[in-house]
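> Handing you a structure now.
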Amino acid sequence: AKGRGRGVFSHFEPGMDEAAAARRELEMDMRTGLSEGQFELHYQPLVDVRSRRTVAYEALVRWRHPTRGMVMPDLFIPLAEDTGLVVPLGDWVIRRACQELARWPGHLRIAVNLSPAQLRSAGLISTVMQAIAENGIAPDRLELEITENVLLKDNAVHAALLHKLRGLGVRVALDDFGTGYSSLNYLRAFPFDKIKIDRCFLKGLGESDETLPIVRAVIALAHAMGMTTTAEGVENEHQMRVLLAEGCDQAQGYLFSRALPAADFPELRRQSPVD
Ligand code: C2E
Ligand code: CA
Ligand code: CA
Ligand code: CA
474 AKGRGRGVFS HFEPGMDEAA AARRELEMDM RTGLSEGQFE LHYQPLVDVR
524 SRRTVAYEAL VRWRHPTRGM VMPDLFIPLA EDTGLVVPLG DWVIRRACQE
574 LARWPGHLRI AVNLSPAQLR SAGLISTVMQ AIAENGIAPD RLELEITENV
624 LLKDNAVHAA LLHKLRGLGV RVALDDFGTG YSSLNYLRAF PFDKIKIDRC
674 FLKGLGESDE TLPIVRAVIA LAHAMGMTTT AEGVENEHQM RVLLAEGCDQ
724 AQGYLFSRAL PAADFPELRR QSPVD
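First residue of the sequence shown? That's 474 in UniProt numbering, and the numbers climb one at a time after it.
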């Protein structure tokens, strides 16, 4: 591998072609997958920290690939983002999630992830409006999660979009808080209902006190600004003890459940349309 320049280069080029070919193949596969219904949603509960009752489920997309098996979103969402395929995929996720929600008990909410390309796409507002109307769901049962990094560019455009979404009555959450380039200014500029504290701040919480000041401050800040908080990546009771003491509203993580098909949650089992 440490050969002369020419040798390295001649080995490098075919490698690039292969990578590009693999991407093109994956892209074509995704198009087929979308038209053939290979994508599905799994759901992870968000529980109220005090009562430990489930209050919402986050929809997380999976790709049931005919030969590769179950493919996780980290493997195809970035590519889908680059190729623009994430817009039709994301629209499908919104519609599917709202269809699903219509069958759930009325006290439950659903959370859906929005990608940067979806936020830039012209059709987002009408997709959300239609999905709500067609399924007859109360708009405030739909929560849209947006990663903070997305908001870097086009501040004014994004602020207007978020105001429009909230104008529809849906809720907007700031996802992965603390991992990106967000400044406190974001919280002033954008109208969020909720902050989701990234799981990196939950690591070791309750065992060492390294991240406790951050978690405490984020919860206090959110509450002072009229927002609620969800802690992500909660895996043990140490973390829950701290979250309860600090007044965090909701928790999500493997302690309660990983993401599973709706049929695996008794309270989500299909109810007859009349009832
Ligand atoms: P995210 O929105 O931050 O979702 C949480 C991720 O953390 C999920 O991974 C979930 O399974 C995982 N997780 C949950 N609890 C724990 C825990 O206690 N410990 C650990 N270590 N991990 C936990 P998943 O399902 O692989 O999703 C990864 C990312 O893919 C999501 O991160 C989200 O950014 C993206 N994604 C998933 N579905 C969609 C979608 O429909 N649209 C878009 N645009 N992005 C999606
Ligand atoms: Ca999320
Ligand atoms: Ca997250
Ligand atoms: Ca994430």
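Backbone N, C-alpha and C define an ideal beta-carbon position, used for all residues, glycine too. Predicted, not measured: the structure shown is a model, and the values here were computed from it.
I'd like to know whether the C-beta of residue 552 is nearer than 9 Å to at least one C-beta of chain B.
Structure shown: chain B not included; a single protein chain is present.
> Around the Cβ of residue 659, are there at least 16 other Cβ atoms within 10 angstroms (buried) or fewer (exposed)?
Buried, by the Cβ-count rule.
> Only counting the same chain, and skipping five residues up and downstream in sequence, which positions put a Cβ closer than 7 Å to that of residue 721?
These residues qualify, in order along the chain: 522, 692, 702, 704.
> For residue 507, which of 493, 540, 532, 566 has the nearest alpha-carbon?
Ranking the options by Cα distance to residue 507, first place goes to 566.
> Take residue 737 and list the residues in its own chain whose beta-carbon comes closer than 6 Å to its own, dropping the five residues that flank it on each side.
Excluding residues within five positions, none has a Cβ falling inside 6 Å.
> Using a threshold of 9 Å, state whether the C-beta atoms of residue 534 and residue 551 are closer than that.
Cβ distance not < 9 Å, so residue 534 and residue 551 don't count as in contact.
> When the distance is taken between beta carbons, is residue 599 closer than 9 Å to residue 563?
Cβ atoms of residue 563 and residue 599: not closer than 9 Å.
> Of the choices 724, 568, 529, 723, whose alpha-carbon is the least far from that of residue 607?
Minimum Cα distance to residue 607 is reached at 568.
> Straight-line CA distance for residue 673 to residue 680?
About 14 Å.
> Anyone know if the C-beta pair for residue 671 and residue 642 falls short of 9 Å?
No; because the gap between Cβ atoms is not below 9 Å, this pair is not in contact.
> With a 10 Å radius around its C-beta and 16 neighbouring C-beta atoms as the bar for buried, classify residue 498 as buried or exposed.
By the 10 Å Cβ count, residue 498 comes out exposed.
> Can you give me the C-alpha to C-alpha distance between residue 732 and residue 610, rounded to a whole angstrom?
Their Cα atoms are separated by approximately 23 Å.
> Which whole-angstrom value describes the C-beta separation of residue 638 and residue 663, a residue pair presumed to lie in contact below a C-beta threshold of 8 Å?
About 11 Å; that fails the 8 Å criterion.
> Can you look up residue 556 in the DSSP assignment and give me helix, strand or coil?
Looking at residue 556 - three-state DSSP - the assignment turns out to be helix.
> Among 491, 501, 515, 490, which one has its Cα closest to the Cα of residue 730?
Measuring from the Cα of residue 730, the nearest candidate turns out to be 515.
> So residue 616 and residue 649 are supposed to be a Cβ contact under 8 Å. How far apart are they, rounded?
About 15 Å separates the two Cβ atoms, so there is no contact after all.
> Roughly how many angstroms separate the alpha carbons of residue 698 and residue 501, rounded to a whole number?
Straight-line Cα distance between these residues: approximately 45 Å.
> Could you have a look at residue 508 and say whether DSSP puts it in helix, strand or coil?
Helix.
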